[in-house]
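Undergrad: Residue numbers (the working numbering), protein chains in the order written: chain B, 576 to 861; chain P, 52 to 373.
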Amino acid sequence: MSARSTILRPRMLSRAAVNTIVGIAVLYTLLPVLWLLLAASKDRDALFSSNILDLSNFSFGQNLSDLLAMDGGLYGRWYVNSLLYAVVGAALSALISVACGYAFDKYRFRHKEKVFGLVLAAVMVPQTVLALPLYLMASKVGAVDTFWAVFIPVLFNPFGVYLGRIFSEGYVPREVLEAARVDGAGELATYLKVSLRMLGPGLVTVFLFQLTAIWNNFFLPMVMLSDQHLYPLSLGLYQWNSSASVSPEYYPVVVMGSLLAVLPLIAAFVLLQRFWRSGLTAGAVK
Amino acid sequence: MTTTATPARTAAGADAAPARRARMSTRRREGGACAVLMTPFLVLLTIVFLIPVGTAVWLSFFSDDQPGLGFGPESTVFVGLRSYAAVLTDPTFLGGLGLVAVYCLIYIPLMVIAALALALLLDSGVVRLRASAQLALYLPHAVPGIIAAIIWLYLYTPGISPVVDLLAKGDITIDFLGVNTVLPSIVNIALWSNLGYNMVIFYAALQAVPREVIEASVVDGAGWLRTALQIKTPLVRSAVVMVALFTLIWALQLFTEPMLLSQSTPMINSRFTPSMYIYDAAFTRNNYSLAAAASVILLCCTIALSYGVTRFTTRSREEADR
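What follows is the structure, encoded as structure tokens:
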């Protein structure tokens, strides 16, 4: 009895210690988000009183309507813009990248590995390096301050090509393609009808990666856009936050706007949970 | 396209000819399909990557010579390495480079160790509610960088922040945006945003470690900690390298967080990091060749350091195998 308890006690202790450490880490990641949620329900005076748990002056609805009315409803515009850039951009980008990764895996051509090396090198190149030349190119064709100046560059996702190649190796067996060829199916028809279906989970993973990246995108829109009506949420909130130091009525609006801007990605991750895990694994194990 | 038909088959007689033709046409069809699948991406690669990188290099060697008083046509002249010399002797650029170096030295080890430790703890099997804990830790990654910076800016701001308030009640006053604290404050924002994401990568890699290996070490009498550090950690080395590499590439581009914080603290100037220097040179001072030279230098640093990280880790792996 006593011998058993001495074996158990240290285990119980370390078990408690492990759970405490993980618990602290969870609090570290959750509390700021919780603060955002609570702060969004405060009016301006309560926001500055620091007493975040006092729910007596609950003005969530008021803040929401203020947000939507601010500067002639710009926020709604930014929201639609962000959704367009991110959802349409990520979907198109995933299709383009995975198709290319699939071709890298299934077909042979000259200098294939050299071209693939170039794709991998592109993953490393900082956004800030490309922004100025892209701005100059866009201004040459008159695309600065248009939707396309932001939309076209975000379609480029070299990491998606890398993932596409790995997924193609893993999900699409060569025998299936051989069988389709014997049946006389065209290559592209096979890709669209057979391979793409097998690549489905990989496609969703690449989509999620790019969705996050575009939703986060800040540098490029900042360089390209000056018309507020084309701003994505990130740039719009940045601008409102800079106005807040002069006119404090922007504070509650920035807080509420930040809260709403977080929701689509959380929804996407919760809905598509089982896909992103497989994508992270594919990237890490290779 | 190369044809790889073997001589033996071509000499096999008349029967082989239609088969060869069929094979040839298959090859042609494959080539066509391959081109169709790759073209959209290769066009993007050219427009969004190759031409811009080329343009940046080109711009860094040329400069617009403004004629006197700003009248008359501008002329572009070759200036050789003048822009590079200007950037490399500019104390604000070197200061930014040094700052990012310090940032990397604090942030990358902290991130890799914390994320790996959490993944090992979760993998030990004693954590309750493992799936929920993972989801909670991952949550900040769904928060865009600019919004993470806004949240933390408010949490750093006296008067709004419950954290500063709480510390004040305990007679501790910290200015989170002071001279010595602003960099750790930025590290904290980045750590908060990416900790869970990297933890999930490590956790996924740990899940791929064969269970027999773990069981064998437990049978050999290795404790939990020894199994984690000496058995599991070496087996997920490739994931560690990947996380370190991506963290490094992102850290060198440091822009969003200091840009937002600079709205509220005088400790961050407009050339605080190399990326901010590039933005300032290009779009505030309109000095494209200076911005391009700084971009190329940042690019070279990124390539050299990434190469160094992968090189260093492959060499240490070879030594470990020996």
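The beta-carbon is built from N, C-alpha and C at its ideal position, and this holds for glycine as well.
1) From which residue to which residue does the alpha helix (DSSP H) around P/N245 run?
2) Which two residues bound the contiguous alpha helix (DSSP H) that contains B/M645?
3) Below 8 Å on the Cβ atoms is my guess for B/M797 versus B/L810; work out the distance and round it to an integer in Å.
4) Below 7 Å on C-beta distance, what does P/A152 contact in chain B?
5) In chain P, which residues lie less than 8 Å from B/I594 when you measure between Cβ atoms?
6) Using 8 Å as the threshold, is the segment 682 to 694 of chain B in touch with the segment 75 to 92 of chain P, meaning 3 or more CB pairs across them?
7) Can you name the residues that DSSP bridges to P/F129?
8) Going by beta carbon distance, what residues of the same chain come within less than 8 Å of P/S111, once the five residues before and after it are set aside?
9) So, under 8 Å CB-CB, B/S640 and B/D618 are touching, yes? Tell me the CB distance rounded to an integer number of Å.
10) Helix, strand or coil for B/F844, going by three-state DSSP, please let me know.
11) For B/S556, return the contacting residues in chain P, with the cut-off set at a CB-CB distance below 8 Å.
12) From the DSSP output, in three-state form, read off B/F633 for me.
13) B/N656: buried (16+ other C-beta within 10 angstroms of its C-beta) or exposed?
14) Give the straight-line distance between the Cα atoms of B/V837 and P/A193, rounded to the nearest whole angstrom.
15) Would you mind giving the Cβ-Cβ distance between P/L88 and B/C675, rounded to the nearest angstrom? I have them listed as a contact below 8 Å.
16) Classify P/W109 as buried or exposed, calling it buried when 16 or more other Cβ atoms lie within 10 Å of its own Cβ.
17) At a CB-CB cut-off below 8 Å, which residues of chain P make contact with B/A760?
18) Touch check for the segment 760 to 770 of chain B and the segment 701 to 718 of chain B: three-plus C-beta pairs under 8 Å?
19) Report the neighbours of B/V828 on chain P: residues whose CB is nearer than 7 Å to its CB, in chain order.
20) Quick one: using the 10 Å Cβ neighbour count with 16 as the cut-off for buried, is B/W790 buried or exposed?
21) Taking buried to mean at least 16 other C-beta atoms within 10 Å of its own C-beta, is B/S770 buried or exposed?
22) Whole angstroms is fine: what's the gap from P/M318's alpha carbon to P/T335's?
23) Touching or not, the segment 182 to 199 of chain P and the segment 839 to 849 of chain B, by the rule of three or more beta carbon pairs under 8 Å?
24) Can you pull the chain P neighbours of B/S817, defined as C-beta to C-beta under 7 Å?
25) Starting from B/V704 and walking both ways along the alpha helix (DSSP H), at which residues does that stretch end?
26) I need the boundaries of the alpha helix (DSSP H) containing B/N732, first residue and last residue.
27) DSSP has B/K617 in a bridge; who is on the other side?
28) Pick out whichever of P/V270, P/A166 and P/G229 has its Cα sitting closest to the Cα of P/L242.
29) Under 8 Å between the Cβ atoms of P/T278 and P/F306?
30) Can you name the start and end residues of the alpha helix (DSSP H) that B/G811 belongs to?
31) Within 8 Å, do at least three Cβ pairs link the segment 214 to 234 of chain P to the segment 164 to 182 of chain P?
32) Can you look up P/S313 in the DSSP assignment and give me helix, strand or coil?
33) Is B/P827 helix, strand or coil by DSSP?
34) Return the chain-ordered ranges of every alpha helix (DSSP H) run that is complete within the segment 266 to 349 of chain P and spans a minimum of 4 residues.
35) So, for P/I265: in the same chain, excluding its five sequence neighbours on each side, which residues have a beta-carbon less than 8 Å away from its beta-carbon?
36) If the cut is a Cβ gap below 7 Å, which residues of chain P does B/L730 touch?
TA: In short:
1) In the second sequence, residue 245 of chain P corresponds to position 194, counting from 1. Taken as a continuous stretch (DSSP letters only), the alpha helix (DSSP H) holding P/N245 covers V233 to Q258.
2) Walking along the first sequence from the start, residue 645 of chain B turns up at place 70. Looking at the DSSP string, B/M645 is not in any alpha helix (DSSP H), and its letter there is neither H nor E.
3) Counted from its first residue, the first sequence places residue 797 of chain B at position 222. Counted from its first residue, the first sequence places residue 810 of chain B at position 235. 6 Å between Cβ atoms; contact.
4) Taking the first residue of the second sequence as position 1, residue 152 of chain P is located at position 101. What P/A152 touches in chain B: nothing, since even the nearest Cβ is about 15 Å away.
5) Mapped onto the first sequence, residue 594 of chain B falls at position 19. Per the sequence shown, the amino acid found at residue 594 of chain B is Asn instead of Ile. Those are V177, V178 and R179, listed as they occur along chain P.
6) yes
7) Mapped onto the second sequence, residue 129 of chain P falls at position 78. P/F129 is bridged to P/F113.
8) Translated into positions along the second sequence, residue 111 of chain P becomes position 60. These residues qualify, in order along the chain: S134, Y135, S340, A343, A344, S346 and V347.
9) In the first sequence, counting from the first residue as 1, residue 640 of chain B sits at position 65. In the first sequence, counting from the first residue as 1, residue 618 of chain B sits at position 43. The pair is not a contact, with the Cβ atoms about 12 Å apart (cut-off 8 Å).
10) To locate residue 844 of chain B, count along the first sequence from 1; it is residue 269. Reduced to three states, the DSSP call for B/F844 is helix.
11) Here chain B has residues from 576 to 861 only, and residue 556 of chain B is not among them.
12) The sequence position of residue 633 of chain B within the first sequence is 58, counting from 1. Of the three classes helix, strand and coil, the one that applies to B/F633 here is strand, per DSSP.
13) The residue you call residue 656 of chain B lines up with position 81 of the first sequence. Classification of B/N656: buried, given that the 10 Å Cβ count is 16 or more.
14) Your numbering for residue 837 of chain B matches position 262 in the first sequence. Your numbering for residue 193 of chain P matches position 142 in the second sequence. When rounded, the distance between both Cα atoms is 7 Å.
15) Sequence index remark: in the second sequence, residue 88 of chain P carries index 37 (1-based). Sequence index remark: in the first sequence, residue 675 of chain B carries index 100 (1-based). So it is a contact: roughly 6 Å between Cβ atoms.
16) By one-based count along the second sequence, residue 109 of chain P stands at place 58. The residue is exposed, with fewer than 16 neighbouring Cβ atoms inside 10 Å.
17) Taking the first residue of the first sequence as 1, we reach residue 760 of chain B at position 185. Correct list: empty, because the minimum Cβ distance to chain P is about 10 Å.
18) no
19) For this step, residue 828 of chain B is matched to residue 253 along the first sequence. None at all; the shortest Cβ gap to chain P is about 12 Å.
20) Position 215 of the first sequence, counting from 1, holds the residue named residue 790 of chain B. Buried is the call here.
21) Sequence index remark: in the first sequence, residue 770 of chain B carries index 195 (1-based). Answer is buried; the Cβ neighbour count reaches 16.
22) Residue mapping note: residue 318 of chain P aligns to position 267 of the second sequence, counting from 1. Residue mapping note: residue 335 of chain P aligns to position 284 of the second sequence, counting from 1. Their Cα atoms are separated by approximately 19 Å.
23) yes
24) For the purposes of this step, residue 817 of chain B is identified with residue 242 of the first sequence, where counting begins at 1. By Cβ distance, chain P contributes Q314.
25) Within the first sequence, the letter at position 129 stands for residue 704 of chain B. That run of the alpha helix (DSSP H) goes Q702 to K715.
26) One-based indexing of the first sequence puts residue 732 of chain B at position 157. Per DSSP, B/N732 belongs to no alpha helix (DSSP H) and is neither H nor E.
27) What you label residue 617 of chain B is simply residue 42 of the first sequence in a count that begins at 1. In the DSSP output, where bridge partners are listed per residue, B/K617 has B/F633.
28) Looking up residue 242 of chain P in the second sequence gives position 191. The residue with the shortest Cα to Cα distance from P/L242 is P/A166.
29) Start at 1 with the first residue of the second sequence, and residue 278 of chain P comes out as number 227. Start at 1 with the first residue of the second sequence, and residue 306 of chain P comes out as number 255. Cβ atoms of P/T278 and P/F306: not closer than 8 Å.
30) Looking up residue 811 of chain B in the first sequence gives position 236. Start and end: L808 to A819.
31) no
32) Along the second sequence, one-based indexing puts residue 313 of chain P at 262. In this structure, P/S313 counts as coil in the three-state DSSP scheme.
33) Start at 1 with the first residue of the first sequence, and residue 827 of chain B comes out as number 252. Of the three classes helix, strand and coil, the one that applies to B/P827 here is helix, per DSSP.
34) 288 to 303, 307 to 312 and 325 to 330
35) Position 214 of the second sequence, counting from 1, holds the residue named residue 265 of chain P. Answer for P/I265: T278, I282 and K283, listed in chain order.
36) Taking the first sequence and counting its residues from 1, the one referred to as residue 730 of chain B is at position 155. Within 7 Å Cβ-Cβ: L95.
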